[in-house]
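Read top to bottom, the protein sequences are chains D and W.
Here the first sequence is numbered in the working numbering, starting from 1 and rising by one per residue.
Here the second sequence is numbered in the working numbering, starting from 1001 and rising by one per residue.
Glycine included, C-beta positions come from ideal geometry on N, C-alpha and C.
This one's a predicted model, so the numbers in the text were calculated from it and none came from an experiment.
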Amino acid sequence: MKELLSGNEAIARGAWEAGARMAVAYPGTPSTEILETMAARHREVYSQWSPNEKVAYEVGIGASLGGARTLVCMKHVGVNVAADPFMTHAYTGVNGGFVLVTADDPEMHSSQNEQDNRLYARFANVPMLEPSDSQEARDMTMAAFQISEEFDTPVIVRVTTRISHSKGVVGVGDRKPGPEKQFEKDPPKYVMVPNNARQRHVVVRDRLAKLEKFTEMTQFNVLEENGSKIGIISGGVAYQYAKEVLPDADYLKLGFSYPLPLDKIRKFVESHDTVLVVEELEPFYEDQIRAAGIMVEGKKYFGHLGELSPYRVADGMKAAGIVDTVAVSKIAPAENMFPRPPVLCPGCPHRGAFMALRKLKVAVTGDIGCYTLGFTKPLGAMDTCVCMGASIGTAIGMEKVHGYAKGTVAVIGDSTFLHSGVTGLMDAVYNNSNVTVLIVDNSATAMTGGQQHPATGRTLMGDEAGKIDIGQLVQAMGVKNYRPVDPYDYDQVLNTIKEEMANDGPSVIHTQRPCVLMPKRIMEEPYTVDLEKCTACGACFRISCPAIMAAKETNERGHPKAIIDASLCTGCTLCSQICPEEAIILKSQMVEA
Amino acid sequence: MEKDHFDILIVGVGGQGVLLASEIISEAAIAAGYDVKKSEVHGMSQRGGIVTSHVRVAPKVYSPTIQQGTADIILAFEQAEGLRAVNWMKPEGVAIVSTTALIPAIVTSSKQFDYPEDALDQLKAKADNVIVAEADRIAGELGNPRLVNTILLGVMSALLPIDREVWLDTIKKKVKERFVEINLRAFERGEQIQRESVVS
Ligand SMILES: Cc1ncc(C[n+]2csc(CCOP(=O)(O)OP(=O)(O)O)c2C)c(N)n1
Chain D
1 MKELLSGNEA IARGAWEAGA RMAVAYPGTP STEILETMAA RHREVYSQWS
51 PNEKVAYEVG IGASLGGART LVCMKHVGVN VAADPFMTHA YTGVNGGFVL
101 VTADDPEMHS SQNEQDNRLY ARFANVPMLE PSDSQEARDM TMAAFQISEE
151 FDTPVIVRVT TRISHSKGVV GVGDRKPGPE KQFEKDPPKY VMVPNNARQR
201 HVVVRDRLAK LEKFTEMTQF NVLEENGSKI GIISGGVAYQ YAKEVLPDAD
251 YLKLGFSYPL PLDKIRKFVE SHDTVLVVEE LEPFYEDQIR AAGIMVEGKK
301 YFGHLGELSP YRVADGMKAA GIVDTVAVSK IAPAENMFPR PPVLCPGCPH
351 RGAFMALRKL KVAVTGDIGC YTLGFTKPLG AMDTCVCMGA SIGTAIGMEK
401 VHGYAKGTVA VIGDSTFLHS GVTGLMDAVY NNSNVTVLIV DNSATAMTGG
451 QQHPATGRTL MGDEAGKIDI GQLVQAMGVK NYRPVDPYDY DQVLNTIKEE
501 MANDGPSVIH TQRPCVLMPK RIMEEPYTVD LEKCTACGAC FRISCPAIMA
551 AKETNERGHP KAIIDASLCT GCTLCSQICP EEAIILKSQM VEA
Chain W
1001 MEKDHFDILI VGVGGQGVLL ASEIISEAAI AAGYDVKKSE VHGMSQRGGI
1051 VTSHVRVAPK VYSPTIQQGT ADIILAFEQA EGLRAVNWMK PEGVAIVSTT
1101 ALIPAIVTSS KQFDYPEDAL DQLKAKADNV IVAEADRIAG ELGNPRLVNT
1151 ILLGVMSALL PIDREVWLDT IKKKVKERFV EINLRAFERG EQIQRESVVS
């Protein structure tokens, strides 16, 4: 049977076929669709969102200890959050097979950095598989469970955006149950106190030695001989780019890429005149190959930054002297093109908060989510963004050293607050910080596509769920100044922020309006512009709403008046609240007039 | 020998149905017996940004992405996005472009940027084979602005070695049942545009 599957869908499929009984994750592009596919199509696998990647990983440890084949998925930076359990899980090993999928994002299409998580495999001394297309994503996920059980170790399956989000034809099969296992008490293996951990570290090194033999034999490290004097060592999507450019070279394709098959590599290098290593981001293969005393080149030609592409690989091969020409665009690119950056949607409940913050000209420590778009012009009301949950700690630090007490506001989304903002707020209460925290709550993890989280009342699989009350949680932690507000009421938001910045102690302002896209698209009666009243002052353009556009009509100075696209307007009312001429009115009022 | 590999770049703006169109092309090509890879980036781009999808059809496909300057077909759901993508196309390629114009807030709210009102003329000056489709107007006539993607698929369909029946079956499979009828009509309107166009 064959299906057109994305890399993410294929991973879910592979885990299902391999008999996985547990899949757990926190959403993050480009990994999110793995669990979404599992919950939609492969319902024999119990799957759940956890509040963050660390908890997801720990739930995974428990499921594996309980005997189930377990899949844990996250984006590359999620592994940083889960790194604590991960690094020591490498010591304890597993019971049911345990597969960690890390979905990296070279080029940072939707991320704050482009760290190369292959380095985690080496850091923790755990084996890693690197699929180069959807078929391998399925096959390697299935194999990873076996390897995990055979060598008693968590196994990394490392993909990148181009694998996760590309679709290809995949041969698939049926689900087979995994091995039947129960939890068995074994404190020396599972209780990582120093004395036990010292013993387990020995086990880790022994295991690595066995894996070093395995990697020389596995079918996933394939030699492709075409009788060429040129040899290419590559893996992941880079392999596909290289094949595209130079199909007739000899290849050593690395699918099981930690530990590396150094003997195989040595023979390959010895039997070719020129050998190049083609890999994205860090010189992960190249450094280890060179450290083994085998001379190869790679990064010198292909660079460390961003995504590779057929063009970049061809260009590097030309610099290395193994291809003569690189196809270039014969049609010149268009000049002076305007940008089309992502913007907050029409009616987005985050907009009101940023309109108010811009007006107040305060220092705004930001966080990650749709609301990060509040930094873009013309809103321009966010000053920092580092990682999920960072806004509150950053605000506390700034306030402590700068006495910005009355001028620092942290902005954080609901899913992000539950992910890692709660501990930051604890710090604010504990250390008597005067920060003002704005929780912009849209009842969704919107940035990644509207997933459920612990305060939405639904699980990933669609069941009714326990529901955290963010207001109660905040107050239980000792925040005395807790103020729920309606973000569609501009004056209320503005005045509440002003008041809370003047109040002593930490304050939490909680905006509450659902995302306009999810779970269902919100469309109230649209607004329209009375062009006779509009003076083209531009105030509504500056709230950055995609539904508000320039009209053909201008004022006497030639500035365009505004029109509203009725098919986009959700009737949120914000523009009508700030229009000084009261020219923005409901469409029905316009018809009556 | 008939040409058996096609690189198609689909461009548009979030919400225009770029991903559904690339899905339909891919499924149709598989049904016609080809290997297919398609690649796109989602995430931030949902929020009114540019959406690009690469579809590669051949007996055997390696890279999931097209190399700049080598696309056989550009399918643009928005005219300025068609212009922005033109250098991805090979000189003998065909650009199929909707007259749809979507002007972002960043252009209206600042004097720094202009929307190229003459995008179609610029496009024709750069590329030899351009088919302009008034897909936004036709979609309006059919009563649903979201049909732009299916109309453009209709325009493109005759350029690929995939039978008409396969296209129609794939649309029936991929589109929600209550929208099948209207999508088939949109597809036919697109085919008509292709027949009447000068490019063959
Ligand atoms: C450690 C980590 N995990 C996941 C992500 C991906 N991610 C970015 S923002 C976000 C959550 C956004 O939800 P919320 O805070 O509710 O804001 P919204 O997008 O709904 O406005 C996620 C999951 C990330 N950047 N870092």
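Using DSSP bridges, identify the partner residues of residue i.
i	result
D/Trp-49	D/Ala-25
D/His-510	D/Ile-439 and D/Pro-484
D/Asn-8	The partner list for D/Asn-8 (beta bridge, DSSP) is empty, contrary to what the question assumes.
D/Cys-575	None, per the DSSP bridge assignment.
D/Ala-565	According to the sequence displayed, residue 565 of chain D carries Asp and not Ala. The partner list for D/Asp-565 (beta bridge, DSSP) is empty, contrary to what the question assumes.
W/Met-1089	W/Ala-1071
D/Ile-412	D/Ile-439
W/Phe-1006	W/Val-1057
D/Ala-601	Outside the shown range of chain D (1 to 593) lies residue 601 of chain D, about which nothing can therefore be said.
D/Gln-451	D/Thr-445
D/Glu-464	D/Arg-458
W/Lys-1037	D/Gly-168 and W/Arg-1056
D/Lys-2	D/Gly-171
D/Ala-68	BP columns for D/Ala-68 are empty, so no partner.
In chain order, what residues of the same chain have a beta carbon less than 6 Å from the beta carbon of residue i, not counting five sequence neighbours either side?
i	result
W/Ile-1008	Val-1055 and Ile-1073
D/Gly-413	Gly-369, Tyr-371 and Val-440
D/Gly-93	Asp-152 and Thr-153
D/Met-108	Glu-114
W/Ser-1200	Note that W/Ser-1200 scores 44 on pLDDT, short of 50, meaning its location in the model is unreliable; the coordinates nonetheless yield the value given after this. Around W/Ser-1200: no qualifying Cβ.
D/Thr-528	Ile-564, Lys-587 and Met-590
W/Glu-1078	Gly-1012, Val-1013, Thr-1100 and Leu-1102
W/Met-1001	Any reading at W/Met-1001 needs caution, since the residue's pLDDT is 46, under 50, leaving its predicted position unreliable; the model's value is listed next. Nothing listed; no residue qualifies.
D/Ala-238	Val-278, Glu-279, Glu-280 and Leu-308
W/His-1005	Ala-1058
D/Ala-539	Ile-578
D/Arg-162	Val-237
D/Ser-110	Thr-29
W/Ala-1076	Val-1011, Gly-1082 and Val-1097
Is any beta-carbon of chain A found at less than 9 Å from that of residue i?
i	result
D/Arg-340	Here chain A cannot be found, since the structure's protein chains are D and W.
Assuming residue i and residue j form a contact by the criterion Cβ under 8 Å, report the distance between their Cβ atoms to the nearest whole angstrom.
i	j	result
D/Val-440	D/His-350	5 Å
D/Gly-366	D/Cys-385	4 Å
D/His-419	D/Tyr-57	About 13 Å separates the two Cβ atoms, so there is no contact after all.
D/Gly-178	D/Ala-23	Contact doesn't hold; Cβ gap of about 13 Å is too wide.
W/Val-1051	W/Val-1018	4 Å
D/Asn-432	D/Gly-505	7 Å
D/Leu-574	D/Met-355	7 Å
Residues in the same chain with beta-carbon distance under 8 Å from residue i, minus the five sequence neighbours each way, listed in chain order, please.
i	result
D/Gly-14	Ala-137, Arg-138, Asp-139, Met-140, Thr-141 and Met-142
D/Met-1	Gly-171, Val-172 and Gly-173
D/Gly-303	Arg-312 and Gly-316
D/Pro-514	Pro-349, Asn-442, Ser-443, Ala-444 and Ile-522
D/Glu-581	Lys-533, Cys-534, Thr-535 and Cys-537
D/Met-477	Val-422, Leu-425, Met-426 and Val-429
D/Arg-458	Gln-452, Glu-464 and Ala-465
Looking only at its own chain, which residues have a Cβ that is under 7 Å from the Cβ of residue i, when we skip the five neighbours before and after it?
i	result
D/Gln-577	Tyr-490
D/Lys-167	Leu-4, Leu-5, Ser-6 and Ser-134
D/Leu-211	Pro-127, Phe-151 and Pro-259
D/Thr-416	Asp-367, Ile-368, Gly-369, Met-388 and Gly-389
D/Ala-583	Val-529, Asp-530, Lys-533 and Cys-534
Would you mind listing the alpha helix (DSSP H) stretches within the stretch 1124-1177 of chain W that are 4+ residues and don't spill past its ends, in chain order?
-> Fully enclosed alpha helix (DSSP H) runs of 4 or longer: 1135-1142, 1148-1157 and 1164-1174.
Between the stretch 119-126 of chain D and the stretch 38-48 of chain D, do at least 3 Cβ pairs fall closer than 8 Å?
-> Judged by Cβ distances under 8 Å, the stretch 119-126 of chain D makes no contact with the stretch 38-48 of chain D, as fewer than three pairs qualify.
Inter-stretch contact (C-beta, 8 Å, three-pair minimum) for the stretch 526-537 of chain D and the stretch 374-392 of chain D = Because the criterion of three Cβ pairs below 8 Å is not met, the stretch 526-537 of chain D and the stretch 374-392 of chain D do not touch.
Taking one C-beta from the stretch 1059-1073 of chain W and one from the stretch 321-337 of chain D each time, how about it: are there three or more such pairs within less than 8 Å?
-> Because the criterion of three Cβ pairs below 8 Å is met, the stretch 1059-1073 of chain W and the stretch 321-337 of chain D touch.
Pair every Cβ in the stretch 218-231 of chain D with every Cβ in the stretch 254-261 of chain D, then say whether three or more of these pairs are closer than 8 Å.
-> Contact holds between the stretch 218-231 of chain D and the stretch 254-261 of chain D, because three or more Cβ pairs, one in each stretch, are under 8 Å apart.
Are the stretch 1149-1159 of chain W and the stretch 1181-1194 of chain W in contact at 8 Å, needing three or more beta carbon pairs?
-> Contact between the stretch 1149-1159 of chain W and the stretch 1181-1194 of chain W is present, because at least three Cβ pairs lie under 8 Å.
At which residue ranges does the stretch 122-190 of chain D contain complete beta strand (DSSP E) runs of 3 or more residues, listed in the order of the chain?
-> Counting only runs that start and end inside the stretch 122-190 of chain D, the beta strand (DSSP E) elements of at least 3 residues fall at 155-160 and 166-171.
Decide if the stretch 94-102 of chain D is in contact with the stretch 64-83 of chain D; the criterion is three or more beta carbon pairs, one per stretch, under 8 Å apart.
-> For the pair of segments examined, the stretch 94-102 of chain D was found to touch the stretch 64-83 of chain D: the number of CB pairs separated by less than 8 Å reaches three.
Assess, as a yes-or-no matter, whether the stretch 1124-1132 of chain W is touched by the stretch 1166-1179 of chain W under the definition of 3 or more beta carbon pairs within less than 8 Å.
-> With a cut-off of 8 Å on Cβ pairs, the stretch 1166-1179 of chain W is not in contact with the stretch 1124-1132 of chain W, counting fewer than three such pairs.
How about the stretch 282-302 of chain D and the stretch 335-347 of chain D: do they share at least three Cβ pairs that are nearer than 8 Å?
-> The stretch 282-302 of chain D vs the stretch 335-347 of chain D: no contact.
Using 8 Å as the Cβ pair cut-off and three pairs as the minimum, do the stretch 245-252 of chain D and the stretch 198-211 of chain D touch?
-> Judged by pairs of C-beta atoms under 8 Å, the stretch 245-252 of chain D does not touch the stretch 198-211 of chain D, as fewer than three such pairs exist.
Going along the chain, which unbroken runs of the alpha helix (DSSP H) with 4 or more residues stay wholly within the stretch 217-254 of chain D?
-> The qualifying runs are 236-245.
Which runs of the alpha helix (DSSP H), 4 residues or longer, sit entirely within the stretch 341-423 of chain D?
-> Complete alpha helix (DSSP H) runs here, min 4: 351-360 and 390-402.
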